[in-house]
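K.L.:
Below is one structure. I have some questions about it.
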Amino acid sequence: MYRILQTLLITFCLLVSADITASRAADDIGALVSALGTAKLAELDDRIEALAKSGDPRVIPVLEALGEGNLYARKADGSVYLATEKGASLMLVDPLDGANIGEVPKSELQKIKVNNSVRRAVRSALGGLTLFSADTDARLKAAQSMRQTPNADALGAIETALSTEKDGAVRKTLDEARAVSLLVSDRSDDDKRAAIKTLAEGGGREALGALTSALSSADSSLKPDIEAALQRIEQAQAFWNAGQNVWYGLSLGSVLLLAAIGLAITFGVMGIINMAHGEMVMLGAYTTFLVQDVIRTSYPDLFDWSLAIALPLAFLATGVIGLAIERSVIRFLYGRPLETLLATWGISLILQQSVRSIFGPTNREVGNPSWMAGAFELGGLTITWNRLWIIVFALAVFAALLFLLKRTSMGLRMRAVTQNRRMASSMGIRTPLVDALTFALGSGIAGMAGVALSQIDNVSPNLGQGYIIDSFMVVVFGGVGNLWGTLVGAFSLGILNKFLEPYAGAVLGKILVLVLIILFIQKKPRGLFALKGRAVEA
Amino acid sequence: MNIKARVTGAFLATVLSTTAFNGAFAADDTIKVGILHSLSGTMAISETTLKDAMLMLIDEQNKKGGLLGKKLEAVVVDPASDWPLFAEKARELVSVDKVSAVFGCWTSVSRKSVLPVFEELNSILFYPVQYEGEESQRNVFYTGAAPNQQAVPAVDYLMENESVERWVLAGTDYVYPRTTNKILEAYLISKGVKPEDIMINYTPFGHSDWQTIVSDIKKFGSAGKKTAVVSTINGDANVPFYKELANQGVKAEDIPVVAFSVGEEELAGLDTSPLVGHLAAWNYFQSVDTPANAEFIKTWKAYTKNDKRVTNDPMEAHYIGFNMWLKAVEKAGSTDTDAVLDAMIGVSVPNLSGGYSTMMPNHHITKPVLIGEIQSDGQFETVWETPGLVVGDEWSDYLPDSKDLIADWRAPMSCGNFNVATGKCGGKGS
Numbered sequence: 001m002y003r004i005l006q007t008l009l010i011t012f013c014l015l016v017s018a019d020i021t022a023s024r025a026a027d028d029i030g031a032l033v034s035a036l037g038t039a040k041l042a043e044l045d046d047r048i049e050a051l052a053k054s055g056d057p058r059v060i061p062v063l064e065a066l067g068e069g070n071l072y073a074r075k076a077d078g079s080v081y082l083a084t085e086k087g088a089s090l091m092l093v094d095p096l097d098g099a100n101i102g103e104v105p106k107s108e109l110q111k112i113k114v115n116n117s118v119r120r121a122v123r124s125a126l127g128g129l130t131l132f133s134a135d136t137d138a139r140l141k142a143a144q145s146m147r148q149t150p151n152a153d154a155l156g157a158i159e160t161a162l163s164t165e166k167d168g169a170v171r172k173t174l175d176e177a178r179a180v181s182l183l184v185s186d187r188s189d190d191d192k193r194a195a196i197k198t199l200a201e202g203g204g205r206e207a208l209g210a211l212t213s214a215l216s217s218a219d220s221s222l223k224p225d226i227e228a229a230l231q232r233i234e235q236a237q238a239f240w241n242a243g244q245n246v247w248y249g250l251s252l253g254s255v256l257l258l259a260a261i262g263l264a265i266t267f268g269v270m271g272i273i274n275m276a277h278g279e280m281v282m283l284g285a286y287t288t289f290l291v292q293d294v295i296r297t298s299y300p301d302l303f304d305w306s307l308a309i310a311l312p313l314a315f316l317a318t319g320v321i322g323l324a325i326e327r328s329v330i331r332f333l334y335g336r337p338l339e340t341l342l343a344t345w346g347i348s349l350i351l352q353q354s355v356r357s358i359f360g361p362t363n364r365e366v367g368n369p370s371w372m373a374g375a376f377e378l379g380g381l382t383i384t385w386n387r388l389w390i391i392v393f394a395l396a397v398f399a400a401l402l403f404l405l406k407r408t409s410m411g412l413r414m415r416a417v418t419q420n421r422r423m424a425s426s427m428g429i430r431t432p433l434v435d436a437l438t439f440a441l442g443s444g445i446a447g448m449a450g451v452a453l454s455q456i457d458n459v460s461p462n463l464g465q466g467y468i469i470d471s472f473m474v475v476v477f478g479g480v481g482n483l484w485g486t487l488v489g490a491f492s493l494g495i496l497n498k499f500l501e502p503y504a505g506a507v508l509g510k511i512l513v514l515v516l517i518i519l520f521i522q523k524k525p526r527g528l529f530a531l532k533g534r535a536v537e538a
Numbered sequence: 001m002n003i004k005a006r007v008t009g010a011f012l013a014t015v016l017s018t019t020a021f022n023g024a025f026a027a028d029d030t031i032k033v034g035i036l037h038s039l040s041g042t043m044a045i046s047e048t049t050l051k052d053a054m055l056m057l058i059d060e061q062n063k064k065g066g067l068l069g070k071k072l073e074a075v076v077v078d079p080a081s082d083w084p085l086f087a088e089k090a091r092e093l094v095s096v097d098k099v100s101a102v103f104g105c106w107t108s109v110s111r112k113s114v115l116p117v118f119e120e121l122n123s124i125l126f127y128p129v130q131y132e133g134e135e136s137q138r139n140v141f142y143t144g145a146a147p148n149q150q151a152v153p154a155v156d157y158l159m160e161n162e163s164v165e166r167w168v169l170a171g172t173d174y175v176y177p178r179t180t181n182k183i184l185e186a187y188l189i190s191k192g193v194k195p196e197d198i199m200i201n202y203t204p205f206g207h208s209d210w211q212t213i214v215s216d217i218k219k220f221g222s223a224g225k226k227t228a229v230v231s232t233i234n235g236d237a238n239v240p241f242y243k244e245l246a247n248q249g250v251k252a253e254d255i256p257v258v259a260f261s262v263g264e265e266e267l268a269g270l271d272t273s274p275l276v277g278h279l280a281a282w283n284y285f286q287s288v289d290t291p292a293n294a295e296f297i298k299t300w301k302a303y304t305k306n307d308k309r310v311t312n313d314p315m316e317a318h319y320i321g322f323n324m325w326l327k328a329v330e331k332a333g334s335t336d337t338d339a340v341l342d343a344m345i346g347v348s349v350p351n352l353s354g355g356y357s358t359m360m361p362n363h364h365i366t367k368p369v370l371i372g373e374i375q376s377d378g379q380f381e382t383v384w385e386t387p388g389l390v391v392g393d394e395w396s397d398y399l400p401d402s403k404d405l406i407a408d409w410r411a412p413m414s415c416g417n418f419n420v421a422t423g424k425c426g427g428k429g430s
């Protein structure tokens with residue numbers, strides 16, 4: 001009881017102080033902003049609220065800077081500035097009129113510390129302030145943040161905004177924001193029923209959250225409505241969940257395809273058990289790191305192009321390394337699979353440890369270009385850009401490889417040599433050269449896969465190890481020597497894995513997939529798409 | 001010109017003679033310190049740094065005149081992330097190289113594999129990493145955090161400051177996350193959290209496809225109650241996990257993730273700007289603002305000749321452990337194992353966060369607990385810390401098997417698992 005009284009008292013004081021500030025001249029905003037400089041972490045929430053109550057658009061940049069951690073206070077007098085880092089000093093700007101104050105050494109200033117609860121307060125304050133902004137995106141963001149934080153006090157502002165809003169998307173979000181806040185207000189039950197209907201139609205996670213929390217505190221007369229709405233949203237979500245699983249499966253499949261497609265050449269077509277395949281992927285990822293490193297230091301504008309630049313370089317670098325491995329080790333071991341396995345295993349350890357010695361054992365930072373960051377909503381699906389691009393890329397690599405093998409003279413020679421070496425040789429094909437180039441091609445493609453995988457995985461010397469088993473699994477499952485088999489194998493394993501994971505968990509899911517593959521191979525030892533023909537050895 | 005040449009000559013001569021002197025010195029009169037950290041294989045990512053940190057500490061101590069008038073000599077071996085090899089290398093360090101103490105191990109399984117060696121050969125191991133507890137050995141000093149020095153305070157913080165009511169306990173599938181989550185689950189239930197508000201999820205080592213789990217977390221978090229993720233996900237799998245969180249738009253303001261295995265070193269491979277506000281609980285952050293820490297960072301950057309190298313919590317643990325060992329050896333006047341084991345208890349040395357850490361009779365140390373939020377520059381900013389030091393509790397009070405056990409290595413008890421209910425030494429564990 002005492003606590004409730006205390007909270008009431010504080011709220012009252014705040015309201016009073018906010019009213020007073022609003023009525024005074026704009027100079028008081030300066031005082032409110034300076035008050036941020038002397039506030040303790042726990043007091044910041046209240047001061048942000050006071051700033052938001054002023055309704056002055058000049059506080060928007062101040063709050064944004066506070067949320068991003070760019071607001072500093074001078075140690076000597078506690079005055080507040082917007083600051084951007086510039087080496088060991090800070091460029092200061094006056095928070096209200098934007099006047100440039102100049103460079104000051106870092107030691108004279110102290111960052112105003114923020115934590116999650118302060119960031120939340122900033123977000124909801126900004127939501128209220130930018131609700132009437134001229135910029136549609138800003139209004140949409142404001143509406144979204146209001147939808148996340150139910151607040152009965154904000155209801156008036158939302159309704160005012162709704163009455164003037166023209167943009168359809170913003171209106172819809174505002175409608176939902178109004179419904180969310182209405183549920184926690186003391187409006188009539190009829191209004192609440194309408195709000196529940198709006199939320200049920202809109203669907204989505206926020207609606208689910210708002211309704212679930214409303215359920216526990218609602219009147220008994222409203223409960224059946226809420227339960228019906230919840231059921232409706234959950235049904236819709238169950239439908240989308242299946243779609244989401246297919247998407248995740250395709251995405252995992254594309255990663256498997258990328259990792260395995262180079263192996264489909266070296267193992268599938270040439271029959272070399274190449275344990276160093278994973279390290280080629282890793283070297284491709286490190287090429288991306290090097291390219292980004294150069295771009296970061298010398299040509300920062302090109303960052304969005306870094307992957308496009310890294311792709312051909314990674315292909316060349318790993319291709320050349322592959323060529324060297326084939327010429328120096330593997331060519332002496334054709335037809336001796338056990339020795340090849342051990343030799344390439346040794347090569348993989350050598351490559352790993354050399355990378356560890358050169359680049360250090362820790363992860364290297366490979367950034368996402370802006371077009372690969374974030375996600376978008378498609379119906380009830382959340383689709384992340386990086387996954388989408390990786391699927392597109394994997395299919396493009398697959399198509400290019402298929403074209404190379406089936407439609408070019410190089411591809412014809414490769415197929416001829418792998419199907420019947422002696423006959424091809426009699427026809428005048430230089431089989432050793434073809435062997436070397438085929439191996440280099442497989443390695444180069446693994447390097448390109450590394451560029452893509454650097455976007456979702458760690459770039460560390462261990463990167464390749466995680467993919468080698470999966471790659472062999474895909475190639476064997478799909479059928480050795482058949483590219484289409486690799487494609488179908490990768491995607492079906494991906495989807496199978498993602499449908500098992502929600503029920504069995506990630507660990508058991510993986511085990512189940514392995515067991516299923518073993519059973520499948522027992523039944524069809526040559527995989528999904530077995531090569532048929534006289535050339536294939538028994 | 002002439003003078004300069006002569007000065008250089010004289011200088012060279014001095015250097016030569018000192019080196020010669022050092023060489024002679026090293027041959028017959030040094031104290032050897034073993035360093036048992038993986039320099040190759042999967043754990044090299046974390047352990048190589050600790051090897052460097054130990055070499056630096058030993059180097060610094062030699063500049064100050066060594067120990068007991070003798071120089072310290074580091075003996076580095078590489079157990080290559082191979083658990084049985086840890087035991088072999090430990091045996092080699094103790095019986096062939098005759099080291100006085102060993103600093104090493106990272107994973108719990110590597111520690112468990114060397115325990116019998118240290119017991120049999122009666123030597124000393126300093127273990128610098130946060131771990132699941134449920135152990136106290138005569139020959140081991142645990143300078144990393146026990147669960148009550150990391151996991152439990154982190155959960156308290158989220159409960160009090162972020163009013164979290166729903167919990168996702170996500171971890172890699174091995175002993176540390178499983179035991180920690182068992183302790184946390186019991187703790188949360190004792191605090192009145194309903195079992196349906198706790199979701200536990202395990203993933204394999206090096207898991208890289210987090211899409212399903214992140215979307216499960218989002219779904220679990222949309223039940224109208226504030227949700228947080230407590231992550232015991234092991235080092236390497238964290239980067240794809242955080243990337244997926246960022247891409248799926250899980251913001252720290254909505255669903256904060258508090259991690260126990262993510263430090264400055266792990267964040268070095270990540271663009272942290274979408275992760276600002278996610279949390280970690282440790283006993284030390286590089287950003288801690290104390291003169292001792294500033295000095296430590298400066299020495300570290302100079303020693304590694306790399307201005308971008310970061311420091312982390314296990315490094316501080318080695319710093320504390322090494323200084324405690326120095327003090328105990330000085331107190332005992334020799335490096336004899338039994339004498340040092342006796343002298344260690346009660347030794348108190350400054351830590352890097354501005355206080356003193358003390359070795360307790362249970363072979364665990366006192367530490368402050370810090371909660372930090374990830375910043376866009378890859379550092380942590382302390383947002384909360386325990387008012388005083390927390391004593392490491394080896395046997396958790398929240399597990400039915402271990403709540404009656406205590407450890408006290410002082411005579412006359414000298415027991416690592418004394419059962420206060422039965423009044424006998426011996427219980428769960430070894």
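Protein sequence lines correspond, in order, to chains A and B.
Under the UniProt record's numbering, the first residue of the first sequence is numbered 1, with each subsequent residue one higher.
Under the UniProt record's numbering, the first residue of the second sequence is numbered 1, with each subsequent residue one higher.
Where is the CB? At the ideal position from N, CA and C, for every residue including glycine.
Under a three-way DSSP split, which group does Gln61 (chain B) fall into?
P.N.:
It is helical.
K.L.:
Measure the alpha-carbon distance for Asn419 (chain B) versus Ile35 (chain B) and round it to whole angstroms.
P.N.:
Roughly 34 Å between the two C-alpha positions.
K.L.:
Closer than 8 Å, Cβ to any Cβ of chain A: which residues of the region 186-210 of chain B, in chain order?
P.N.:
So the list reads Asn201, Tyr202, Thr203, Pro204, Gly206, His207, Ser208 and Asp209, given in the order they occur along the chain.
K.L.:
Let's test the definition: count the other Cβ atoms within 10 Å of the Cβ of Tyr299 (chain A) and tell me whether it reaches 16, buried, or not, exposed.
P.N.:
It counts as exposed.
K.L.:
Would you kindly report the start and end of the unbroken alpha helix (DSSP H) that includes Ser145 (chain A)?
P.N.:
Its alpha helix (DSSP H) spans residues Thr136 to Gln148.
K.L.:
Please list the partners that Gln353 (chain A) has in chain B, where partner means a Cβ-to-Cβ separation under 7 Å.
P.N.:
Per Cβ cutoff of 7 Å: Ser40.
K.L.:
Can you say whether Asp313 (chain B) is buried or exposed, counting buried as having 16 or more other CB atoms within 10 angstroms of its CB?
P.N.:
Result: buried.
K.L.:
Drop a sphere of 10 angstroms on the beta-carbon of Thr136 (chain A), count the other beta-carbons inside from all chains shown, and report buried for 16 or more, exposed for fewer.
P.N.:
Classification of Thr136 (chain A): exposed, given that the 10 Å Cβ count is below 16.
K.L.:
Start and end of the beta strand (DSSP E) containing Lys71 (chain B)?
P.N.:
Its beta strand (DSSP E) spans residues Lys71 to Val77.
K.L.:
Cβ closer than 9 Å: which chain B residues qualify as neighbours of Ser213 (chain A)?
P.N.:
Under the 9 Å cutoff, chain B gives Ala223, Gly224 and Lys225.
K.L.:
Under 8 Å: do the region 85-103 of chain B and the region 389-404 of chain A share three or more Cβ pairs, one atom per stretch?
P.N.:
Contact fails: fewer than three Cβ-Cβ distances are below 8 Å.
K.L.:
Does any CB atom of chain B fall closer than 8 Å to the CB of Ala22 (chain A)?
P.N.:
Summary for Ala22 (chain A): the model assigns pLDDT 45, below 50, so the residue's position carries little reliability; its value from the coordinates is reported in the next sentence. Not an interface residue.
K.L.:
Looking at C-alpha atoms only, which residue of B:Ser110, B:Glu119, B:Gly426 and B:Ser38 is the closest neighbour of Ser95 (chain B)?
P.N.:
When each option's Cα is compared against that of Ser95 (chain B), the closest is B:Glu119.
K.L.:
Are Tyr334 (chain A) and Lys498 (chain A) touching if we call contact CB-CB under 8 Å?
P.N.:
Not closer than 8 Å, so no.
K.L.:
In the DSSP assignment, find the beta strand (DSSP E) that holds Ala259 (chain B) and state where it starts and stops.
P.N.:
Segment Val257 to Ala259, the beta strand (DSSP E) holding Ala259 (chain B).
K.L.:
What number of angstroms, rounded off, separates the C-alpha of Arg178 (chain A) from the C-alpha of Leu155 (chain A)?
P.N.:
Rounded to whole angstroms, Arg178 (chain A) to Leu155 (chain A) spans 6 Å at the Cα level.
K.L.:
Do you know whose CA, among A:Thr130, A:Leu41, A:Glu279 and A:Gly87, lies nearest Ser460 (chain A)'s CA?
P.N.:
The shortest Cα separation from Ser460 (chain A) among A:Thr130, A:Leu41, A:Glu279 and A:Gly87 belongs to A:Glu279.
K.L.:
Any contact between the region 229-246 of chain A and the region 413-431 of chain A? By contact I mean 3 or more CB pairs, one from each, below 8 Å.
P.N.:
Segments in contact, no.
K.L.:
I believe Gly221 (chain B) touches Thr227 (chain B) by the beta-carbon criterion, under 8 Å. Please report the beta-carbon distance rounded to the nearest angstrom.
P.N.:
The pair is a contact, with the Cβ atoms about 4 Å apart (cut-off 8 Å).
K.L.:
Look at the alpha carbon of Ser430 (chain B) and the alpha carbon of Ile31 (chain B), and state the distance between them as a whole number of angstroms.
P.N.:
Caution is warranted here: a pLDDT of 42 is assigned to Ser430 (chain B), below 50, making its placement in the model unreliable, and the coordinate value is therefore given only provisionally. Answer to the nearest angstrom: the Cα atoms are 31 Å apart.
K.L.:
Under 7 Å Cβ to Cβ from Gln148 (chain A), same chain only, skipping five residues before and after it: list those, please.
P.N.:
Once the five neighbours on either side are set aside, the close Cβ partners of Gln148 (chain A) are Glu206.
K.L.:
Would you identify the three-state DSSP class for Ser123 (chain B), choosing helix, strand or coil?
P.N.:
In this structure, Ser123 (chain B) counts as coil in the three-state DSSP scheme.
K.L.:
Roughly how far, in whole angstroms, is the beta-carbon of Ala314 (chain A) from the beta-carbon of Gly447 (chain A), given that I think they are within contact range, below 8 Å?
P.N.:
Yes, Ala314 (chain A) and Gly447 (chain A) are in contact; Cβ-Cβ is about 4 Å, under 8 Å.
K.L.:
Exposed or buried, which one is Asn368 (chain A) when buried takes at least 16 other CB atoms within 10 Å?
P.N.:
Buried, because 16 or more other Cβ atoms sit within 10 Å of the Cβ of Asn368 (chain A).
K.L.:
Please classify Lys367 (chain B): does DSSP put it in a helix, a strand, or coil?
P.N.:
Lys367 (chain B): strand per DSSP, three-state reduction.
K.L.:
To which residues of the same chain is Lys182 (chain B) closer than 8 Å at the C-beta, ignoring the five residues directly before and after it?
P.N.:
Leu399.
K.L.:
So, does the CB of Ala535 (chain A) fall closer than 8 Å to a CB anywhere in chain B?
P.N.:
Annotation note: pLDDT 49 at Ala535 (chain A) (below 50); position unreliable, coordinate value reported separately. Cβ-Cβ to chain B under 8 Å: no for Ala535 (chain A).
K.L.:
Using the beta-carbon count (16 or more within 10 Å), is Ile391 (chain A) buried or exposed?
P.N.:
By the neighbour-count rule (16 or more Cβ atoms within 10 Å), Ile391 (chain A) is buried.
K.L.:
Check whether chain B comes within 8 Å of Asn116 (chain A), counting only Cβ atoms and requiring the distance to be less than that.
P.N.:
Output row for Asn116 (chain A): interface = yes.
K.L.:
Could you please give the first and the last residue of the uninterrupted alpha helix (DSSP H) stretch that includes Val434 (chain A)?
P.N.:
Thr431 to Leu453 is the extent of the alpha helix (DSSP H) around Val434 (chain A).
K.L.:
Can you give me the C-alpha to C-alpha distance between Thr290 (chain B) and Lys219 (chain B), rounded to a whole angstrom?
P.N.:
One C-alpha to the other measures close to 42 Å.
K.L.:
Are the CB atoms of Tyr319 (chain B) and Leu57 (chain B) within a distance shorter than 8 Å?
P.N.:
Cβ atoms of Leu57 (chain B) and Tyr319 (chain B): closer than 8 Å.
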